[in-house]
Amino acid sequence: MATPQPRRVPGNRGEHFAVLDPATGEAFGEAPDQQPEELDATVGRAQEAWHGWRANPAARTTALLAAADAVEAAGSELAPLLTREQGKPLAESYAEIARTAARLRYFARLDPCPQPISDGRPVRGEVRWRPLGPVAAIVPWNFPLQLASAKFAPALAAGNTMVLKPSPFTPLATRLLGSVISTALPEHVLTIVTGHEPLGARLASHPGIRHVTFTGSVPTGRAVARGAAASLARVTLELGGNDAAILLEDVDVERIADRLFWAAFRNCGQVCMAVKRVYAPARLYSQVVEALAQRAKTTVVGAGLDPGSQLGPVNNAPQLARVERYTAQALADGARAVAGGHRLDRPGYFFAPTILADVPPDSPVVTEEQFGPVLPVVPYGSLDEAVAAANDTGFGLGGSVWGTDLDRAEAAADRLECGTVWINHHAELSLAQPFAGTKESGVGVAGGPWGFYGNLRPFVVHRPEEA
Ligand code: NAD
123 MATPQPRRVP GNRGEHFAVL DPATGEAFGE APDQQPEELD ATVGRAQEAW HGWRANPAAR
183 TTALLAAADA VEAAGSELAP LLTREQGKPL AESYAEIART AARLRYFARL DPCPQPISDG
243 RPVRGEVRWR PLGPVAAIVP WNFPLQLASA KFAPALAAGN TMVLKPSPFT PLATRLLGSV
303 ISTALPEHVL TIVTGHEPLG ARLASHPGIR HVTFTGSVPT GRAVARGAAA SLARVTLELG
363 GNDAAILLED VDVERIADRL FWAAFRNCGQ VCMAVKRVYA PARLYSQVVE ALAQRAKTTV
423 VGAGLDPGSQ LGPVNNAPQL ARVERYTAQA LADGARAVAG GHRLDRPGYF FAPTILADVP
483 PDSPVVTEEQ FGPVLPVVPY GSLDEAVAAA NDTGFGLGGS VWGTDLDRAE AAADRLECGT
543 VWINHHAELS LAQPFAGTKE SGVGVAGGPW GFYGNLRPFV VHRPEEA
């Protein structure tokens, strides 16, 4: 989905743009509207900072560990700001900040190992790992800090410097995070830039950038890849998903219902690897629909800053319109809204948690990524049919299988065409695992040592055994 432009602050000569609180729809802050031409100087400074930053791995580790401490210490400043601009409940903002600090610590402690090459000849070869240079990151609005850290933590730990652009819907917490982290790092090692398109496009195609790591939608991912082709920079793309959850015949519906519900609705469904469609065996169909609907009806929806809220608003007006469109189309296609099905009659971008039953399997809410608090439940006859339906998508990010017999569940999970499968839960990631979608869900690998090495280039030295 192309990011629509937040409105400009009137009368300020276009130098800043308004940031809206999705719980009210009102502006509450503003961010600099940086122009694409300003990037030349920013990338130039990142290039200069790179020479010092790459030179001393031990100093890097110390600085990144100190940055993690600084992030944690700033939690009470960062969390309310993140909730205000993104909409998520405050506890989830704190969790995002904790994850950011944990990721900095994880990557700070990784060290690229030189690897010997031996093919039996009397020449010794060794692969050493070198940083790439100044690199770029472009981030969406659903997990602004967590996704930013997924980019800067491995990139900086590997010895690169980075210019990072958050979504114009959520620039403020990222700017604050940048300032907090910068207290522990040399100048210009990490620079946050904010503004509208074509700022991201210029960053992706900038000749001084050696790697572009992007998280967002498939169409923008294609545009980023096209842009990076100009300088032949390396590209890592983490794109959309339409994860299926398959419930098996032996599933204990009441036991898993809470987990399944929150795997779909956390962060108001705005999670790339949320459960976005449920396949339930025909025999259990009504029970599954009822268990999910009951949870949807009793979930407390409200502003993220209200301590009682379990679910916040959708992040922005265009996204809310998108969720409404998918839901209206499903209802027109013959689906039943067993819970929700409409936006809430109050200011802000609130949509009622929605469970859709009797959805035709070819309705766009099933075949595309709705990215909101709406969950279609589809009945199936045989497991083969469910697996085929789950795989019948251009996406391949994640998937899950739910049942009591774990061997049987794992055998079914093994048949899903995606990057990560879970059994009896969904969307939990370890910092130490590779995260990589297949098909249109992405290019390249993030996370764990695999993601770390993606920020480095091999540098091979051959030398004879004797002079
Ligand atoms: P988006 O693609 O509209 O925007 C993402 C970022 O790209 C924003 O910072 C935006 O300003 C920037 N951008 C827009 N046009 C650009 C261009 N031409 N060149 C360079 N940058 C440009 O996505 P979004 O609406 O912000 O986020 C939602 C999407 O992100 C969903 O599809 C979701 O699945 C995906 N997502 C994927 C992952 C993952 O890890 N796979 C994680 C979170 C979100």
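Residues in the sequence shown are numbered from 123 upward in steps of one, following this note's numbering.
Built from N, CA and C at the ideal position, the CB exists for glycine as well.
Looking at the unbroken alpha helix (DSSP H) that takes in Q416, where does it start and where does it end? 407-420
Does the distance between the C-beta of E159 and the nearest non-hydrogen atom of the ligand NAD fall short of 8 angstroms? no
State the Cα-Cα distance for the pair L528 and K398, rounded to the nearest angstrom. 22 angstroms
Would the beta-carbon of F493 be found less than 8 angstroms away from any heavy atom of the ligand NAD? yes
Please return the same chain residues whose Cβ sits closer than 7 angstroms to the Cβ of A512, not counting the five positions on each side in sequence. A366, I368, Y401, G521, L538
Whole alpha helix (DSSP H) runs in the segment 316-355 with 4 or more residues, listed along the chain? 321-326, 340-351
With DSSP as the reference, label G247 as helix, strand or coil. strand
List the residues that DSSP assigns as beta-bridge partners of G521. A366, V543
Can you check the segment 416-499 for any beta strand (DSSP E) of at least 3 residues that lies completely inside it and give the ranges in chain order? 458-461, 476-479
When every heavy atom of the ligand NAD is checked, does at least one fall within less than 8 angstroms of the C-beta of V261? yes
Here's the rule: buried if 16 or more other CB atoms are within 10 angstroms of the residue's CB, otherwise exposed. What is G242? exposed
Cβ shell of G463 (< 8 angstroms), same chain only, five flanking positions each side left out: T449, L453, A474, T476, L478
Is the number of C-beta pairs between the segment 246-261 and the segment 322-339 that are closer than 8 angstroms three or more? yes
Based on DSSP bridge pairs, tell me the residues matched to T119. Examination of residue 119 is not possible in this model, given that the chain is present from 123 through 589 alone.
Smallest Cα separation from A168: which of A220, L254, L204? L254
Do you know offhand how far P132's Cα is from Q156's? Interpretation of P132 is limited by its pLDDT of 45, a score under 50 that renders its predicted location unreliable; the figure taken from the coordinates is listed afterwards. Taking the straight line joining both Cα atoms gives about 16 angstroms.
Is L414 closer than 9 angstroms to V499 when the C-beta atoms are compared? yes
Cβ-based burial, C235 [other Cβ within 10 Å; buried from 16]: exposed
Among residues of its own chain, excluding the 5 on either side of L203, which ones have a beta-carbon nearer than 7 angstroms to its beta-carbon? L294, A295, L298
Any chance the segment 541-553 sits against the segment 381-395, with 3 or more Cβ pairs inside 8 angstroms? yes
Report yes or no: do the segment 182-191 and the segment 225-239 share at least 3 C-beta pairs separated by less than 8 angstroms? yes
Could you check whether A145 and P469 sit closer than 9 angstroms to each other, using their CB atoms as the reference points? yes
If we call anything under 9 angstroms between Cβ atoms a contact, is G338 one with F493? no
Sort out for me which residues DSSP pairs L359 with in a bridge. F336, V565
Can you find the residues in the same chain that come closer than 6 angstroms, C-beta to C-beta, to W524, ignoring five residues on each side of it along the sequence? L369, V373, I378, N546
Quick one: Cα of N364 to Cα of E207, how far? 25 angstroms
Contact the segment 567-578 vs the segment 274-289: 3+ CB pairs below 8 angstroms: yes
Alpha-carbon spacing of A568 relative to H333, whole angstroms: 13 angstroms
How far does the beta strand (DSSP E) with R537 in it extend, from its first residue to its last? Note, R537: premise wrong, no beta strand (DSSP E); not H, not E.
V340 to V245 span [Cα, whole Å]: 46 angstroms
Would DSSP call G559 helix, strand or coil? coil
Measure from the alpha carbon of A531 to the alpha carbon of each residue in L200, H138, E371, then state which is nearest. E371
Simplified DSSP state of A180, which is helix, strand or coil: helix
Would you kindly work out how many angstroms separate the C-alpha atoms of N438 and N389, rounded to a whole number? 13 angstroms
Close-in-space but distant-in-sequence residues of the same chain around G197 (CB under 7 angstroms, 5 per side omitted): Y216, I219
In whole angstroms, what is the alpha-carbon distance linking E248 and G434? 52 angstroms
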